[in-house]
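So the structure is just underneath, and the comments pick up after that.
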Amino acid sequence: MTDPLAALRALVPESTQALTAYRVPASPPPVKLDANESPWPLPDAARTRLASALAQIDLHRYPDGRAQNVRDGLARKLGGAPDDFVLGCGSDEVIAMLMTACSAPRPGETQARVLFPTPTFVMYGITSRALGLQPVEVPLTDAFDLDEPALMRAFEAERPNLAFYASPNNPTGNRFDDGVLERLVQAFPDTLHIVDEAYGPFASRSLYSWCDRYPQVGLLGTLSKIGVAAARVGWVRLHPQLAAEVEKVRQPFNLNALGQVTAELALGELAATLDEQVAAIVAERARLVSGLREDPRLHVYPSEANFVLVRVTGDSQALADDLLARGVAVRSFQKYGGRLAGHLRITVGTPAENQALLAALGASR
Ligand SMILES: Cc1ncc(COP(=O)(O)O)c(C=O)c1O
C-alpha cells in the first residue's frame with residue numbers, strides 16, 4: 003500500500019525540502035533587540051488617530067485591490083507615479099513577486115538565476131530556491147563591500163535575471179560602494195537590479211533617484227523598520243512597464259484593509275512622528291556603538307542601519323545565550339556557520355533598552 007503522506011511529500015521539490023522554515027521565538031524577552039524592529043510604539047495621539055481611521059473600515063468588504071491610497075501616499079512621499087509601485091505584504095512578498103514575474107530562463111538555459119552578494123538578507127536565497135530559480139551567491143570583500151571583479155565575472159558567466167543588493171546590508175549594516183553598483187547596473191542592463199533600501203531611512207544616502215535614470219533598476223522599500231512592522235506593507239518602485247508585468251503575479255487582495263489604512267497614515271499624517279522616531283534611533287545608534295566599543299571582547303562594525311554587527315572574541319553563542327538569560331535577545335549567527343559565525347547582530351533599542359544591553363554585557367564578563 004502506498005503511504006499517502008510519503009507520496010505527497012515527494013511532490014515538494016528537493017530544493018524546498020532542504021530549506022528550514024523561518025521561525026521566530028514565541029515569547030519575546032523583556033528587551034528585544036533581535037529583529038531590527040523600531041523600539042518605539044506609536045505615541046498615544048497617533049494611536050487614537052489610527053483607531054478612529056481603522057474603525058471606519060468596512061470589514062465585511064474586500065479591501066481595495068490596488069491599494070490606491072497607499073500608492074498615492076508613496077508617490078507623494080518618495081516621488082514617482084502611483085503606477086510605478088508594486089505593493090506587497092511586506093517587502094518579503096515583493097521579493098517573491100519579482101522572482102515569480104522574472105522567472106523565464108535565458109535562451110539555452112533551463113533555470114533563471116538570481117544573483118546577490120553574501121552574507122546578506124536570507125530571503126533572497128530562500129525565496130529563489132523555493133520558486134525554482136537558481137541563486138548565485140558572490141561573497142562580499144573582507145570589509146563586507148561589493149567585490150567588483152568577482153561580481154563582473156559572475157554576471158558574465160551566469161547572466162542573472164535579477165540581482166539583489168541590500169544597501170544598507172543586513173546583517174553587516176554597511177552601505178555598498180555606489181560607484182561599483184552603478185558600474186554593474188551600466189554594464190549589465192539586461193538584468194533587473196533591485197536595490198533593497200529596507201534600512202534606507204537610517205542611512206546617509208539613498209539611491210532612489212536611480213529609478214529615474216535606469217529602467218533596469220528597482221528600489222525596494224518597507225514600512226517594517228520605521229515603526230509599522232505589524233502592518234506588513236512593502237513595495238518596489240519600477241519602470242511602469244515592468245511594474246505592469248509584476249502586477250500580473252500579485253494576488254488580488256494581498257494588502258488587507260487594516261494594513262492599507264495604517265500605511266496611508268504612516269506615509270501621510272503620521273509621517274513626521276515616524277521620522278522623529280527614526281532620527282532618535284540614528285542618534286541612539288551612535289551612543290550604542292560607543293558603549294559596545296568599550297567591551298574588549300567585541301569588534302564593532304560601522305552601521306548605517308537600525309542595528310549593529312559585532313564580532314565576538316570567544317564563544318558568541320554562549321554570549322547570546324547569557325544575554326538572553328539576562329532578558330536581552332540579540333541575533334546570533336553561530337548556527338549558520340561561514341563568515342558570520344562568531345558574530346552577533348544587535349538592533350538599536352530605546353536608550354533604556356540599550357543601557358540594559360550594555361549592563362547585561364558588563365555582567366556577563
Ligand atoms: C534587507 C531586507 N529586505 C527586506 C526585508 C523584509 O522586510 P519586510 O518583509 O518586513 O518588509 C528585511 C527584513 O528583515 C531585510 O532585512
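With positions in the sequence shown counted from 1, the corresponding number in the numbering used here is that position plus 2. For glycine and all other residues, C-beta sits at the position ideal for the given N, C-alpha and C.
Along the beta strand (DSSP E) that carries residue i, what are the first and last residues, could you check?
{"i": "residue 237", "result": "236 to 239"}
{"i": "residue 159", "result": "Not the beta strand (DSSP E): residue 159 falls in the alpha helix (DSSP H), residues 150 to 160."}
{"i": "residue 120", "result": "115 to 120"}
{"i": "residue 139", "result": "136 to 141"}
In the DSSP assignment, find the unbroken alpha helix (DSSP H) run with residue i in it and report its ends.
{"i": "residue 75", "result": "70 to 80"}
{"i": "residue 18", "result": "16 to 19"}
{"i": "residue 325", "result": "318 to 327"}
{"i": "residue 243", "result": "242 to 249"}
{"i": "residue 181", "result": "180 to 189"}
{"i": "residue 293", "result": "273 to 295"}
{"i": "residue 126", "result": "124 to 132"}
{"i": "residue 48", "result": "46 to 57"}
{"i": "residue 215", "result": "212 to 215"}
Kindly indicate which three-state DSSP category residue i falls into: helix, strand or coil?
{"i": "residue 1", "result": "The structure shown has nothing for residue 1, since the chain only spans 3 to 367."}
{"i": "residue 106", "result": "coil"}
{"i": "residue 349", "result": "strand"}
{"i": "residue 194", "result": "strand"}
{"i": "residue 6", "result": "helix"}
{"i": "residue 95", "result": "helix"}
{"i": "residue 204", "result": "helix"}
{"i": "residue 257", "result": "coil"}
{"i": "residue 340", "result": "helix"}
Please go through the same chain and pick out, in chain order, the residues whose beta-carbon is closer than 6 Å to the beta-carbon of residue i, but skip the five residues on each side of it.
{"i": "residue 333", "result": "36 and 347"}
{"i": "residue 342", "result": "121 and 335"}
{"i": "residue 369", "result": "Residue 369 is absent from the structure shown; the chain starts at 3 and stops at 367."}
{"i": "residue 205", "result": "170, 177 and 306"}
{"i": "residue 10", "result": "none"}
{"i": "residue 242", "result": "85 and 86"}
Given residue i, which residues of its chain have a CB within under 7 Å of its CB, disregarding the five upstream and five downstream residues?
{"i": "residue 260", "result": "56 and 59"}
{"i": "residue 64", "result": "255"}
Those residues, in chain order, that have a beta-carbon closer than 5 Å to some heavy atom of ligand 1: 92, 93, 94, 123, 168, 172, 198, 200, 224, 226 and 236
Meets three-Cβ-pair contact criterion under 8 Å: the segment 279 to 287 and the segment 301 to 311: yes
Three or more C-beta pairs below 8 Å linking the segment 121 to 141 and the segment 89 to 100: yes
Stretch pair the segment 228 to 241 + the segment 311 to 324: three plus CB contacts closer than 8 Å: no
Three CB pairs or more closer than 8 Å across the segment 194 to 203 and the segment 315 to 334: no
The segment 111 to 121 / the segment 243 to 250 touching (three or more Cβ pairs under 8 Å): no
Stretch-stretch touch, CB-based, cutoff 8 Å, three pairs: the segment 68 to 79 with the segment 198 to 218: no
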